[in-house]
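Q:
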Amino acid sequence: MAFRKVHGRRLGRPLNQERQEALDKLYPALSIDSEVLDNSSNLLPSSLFEKAPEEIYFEIGFGNGDFLKKLIKENPDNGYIGAEPFINGMSAFLKSIKDIDNPSVRVWMDDAMDIARSIASETLDGIFILNPDPWPKTRHHKRRIVSQENLDQFARILKPGARLTMTTDVEELAEWMVTQATAHKEFKWSANRKLDWHTPPSGWLETRYEKKGKAAGRQQFYLLFEKKS
Ligand SMILES: C[S@@+](CC[C@H](N)C(=O)[O-])C[C@H]1O[C@@H](n2cnc3c(N)ncnc32)[C@H](O)[C@@H]1O
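In our numbering, the protein residues as written are 6 to 234.
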């Protein structure tokens, strides 16, 4: 696979045999064909699945995929799309779902925006961006996944009333994401008061990063936005 430039890590430790096997077997079966990701905004996400899913959700930067796996197991009638360019994360996720029969998920080991730009308007029921890379240096802020340009795409592909869920344990990034999303004309913040920042949505599963942050004494921010109707 030819890699284009994505900021952050693609390769880490060498894969153990089980992860390599999961990648070799499941990535060809579950990945999205790069030819359909043509930035055309015409791709019907339901066409990626054998059986049209009831609802379709997109997770950006799923890491080891523990949250995505929970969603798949709990709601097998829904369809899930996950993007994660880091091969160790992708292989860990595929290994973790290898015993699920026909998992209703499609994956992409590259930039999530390839998917966002290709998907047809108002076709997604929700987007999750959990603990995105914080890029703390000011000169790197333009690499942050939550930007006006990317929010334009997220707003375009979400159905009216659908939710954009973002989390972080980095306070400055939480402020940034709230500022970006509230400045966007198509998103409405679902929080009633600042305390809601720290309340996870019901049925929440802590991701690997979230657990690490909490163990280190950091508070998690849950930022729930809605696409305006
Ligand atoms: C800090 S980790 C969080 C992982 C996971 N969401 C969690 O909470 O445990 C951020 C993840 O975003 C991924 N990532 C960074 N840029 C991305 C992009 N443009 N598209 C998709 N994923 C991206 C990274 O590879 C990394 O795995």
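Note that the Cβ used here is the ideal one computed from N, Cα and C, for glycine as well.
1) Taking 8 Å as the limit between beta carbons, can you name the residues of its chain near alanine 221, skipping five residues before and five after?
2) Taking the straight line between their C-alpha atoms, what separation do you get for valine 112 and isoleucine 37?
3) Would isoleucine 232 pass as a contact of lysine 190 if the rule is Cβ separation under 8 Å?
4) Just how far apart, CA to CA, sit serine 152 and lysine 100?
5) Rounded to the nearest angstrom, how far is the Cβ of serine 109 from that of serine 46, given a contact under 8 Å?
6) State buried or exposed for glutamine 224, treating a residue as buried only when at least 16 other CB atoms are found within 10 Å of its CB.
7) Where do the ends of the alpha helix (DSSP H) carrying glycine 218 lie?
8) Please determine, among Arg168, Trp194, Tyr227, Phe226, the residue with the shortest C-alpha to C-alpha distance to tyrosine 62.
9) Do leucine 42 and alanine 125 have their CB atoms nearer than 8 Å?
10) For glutamate 60, which residues in the same chain have their Cβ closer than 7 Å to its Cβ, ignoring the five residues on either side in sequence?
11) What three-state label does DSSP hand threonine 128 in the structure shown?
12) Report the rounded CA-to-CA distance for proline 141 versus arginine 149, giving the unit in angstroms.
13) Please list the terminal residues of the continuous alpha helix (DSSP H) segment that includes lysine 233.
14) I need the boundaries of the beta strand (DSSP E) containing threonine 172, first residue and last residue.
15) Look at alanine 27 and lysine 103 and say whether their C-beta atoms are less than 8 Å apart.
16) For phenylalanine 5, which option in Ser207, Leu35, Lys219 has the closest C-alpha, if you only look at C-alpha atoms?
17) Return the CA-CA distance between serine 237 and methionine 182, expressed in angstroms with no decimal places.
18) Return the CA-CA distance between alanine 7 and methionine 114, expressed in angstroms with no decimal places.
19) At the level of alpha carbons, what is the spacing between proline 33 and glutamine 158?
20) Using the three-state DSSP reduction, which class does leucine 210 fall into: helix, strand or coil?
21) Taking only three categories from DSSP, how would you classify alanine 7?
22) To the nearest angstrom, report how far apart leucine 178 and threonine 212 are at their CA atoms.
23) By Cβ distance, which residues of its chain are closer than 6 Å to isoleucine 86, with the 5 residues on each side in sequence left out?
24) Around the C-beta of glycine 68, are 16 or more other C-beta atoms found within 10 angstroms, so that it is buried, or is it exposed?
A: Let me lay it out:
1) none
2) 6 Å
3) Note that residue 232 is lysine in the sequence shown here, rather than isoleucine. Cβ atoms of lysine 232 and lysine 190: not closer than 8 Å.
4) 32 Å
5) No, serine 109 and serine 46 are not in contact; Cβ-Cβ is about 23 Å, not under 8 Å.
6) exposed
7) 213-220
8) Arg168
9) no
10) Asn83, Asp130
11) coil
12) 9 Å
13) Looking at the DSSP string, lysine 233 is not in any alpha helix (DSSP H), and its letter there is neither H nor E.
14) 163-173
15) yes
16) Because the chain spans 6 through 234 in this model, residue 5 falls outside it and cannot be assessed.
17) The structure shown does not extend to residue 237, since the chain is modelled only from 6 to 234, so the question has no answer here.
18) Note that alanine 7 scores 42 on pLDDT, short of 50, meaning its location in the model is unreliable; the coordinates nonetheless yield the value given after this. Between alanine 7 and methionine 114, the C-alpha separation is close to 11 Å.
19) 27 Å
20) coil
21) With a pLDDT of 42 at alanine 7, under the threshold of 50, the predicted position of this residue should be treated as unreliable, and no value is reported.
22) 17 Å
23) Phe63, Arg111
24) buried
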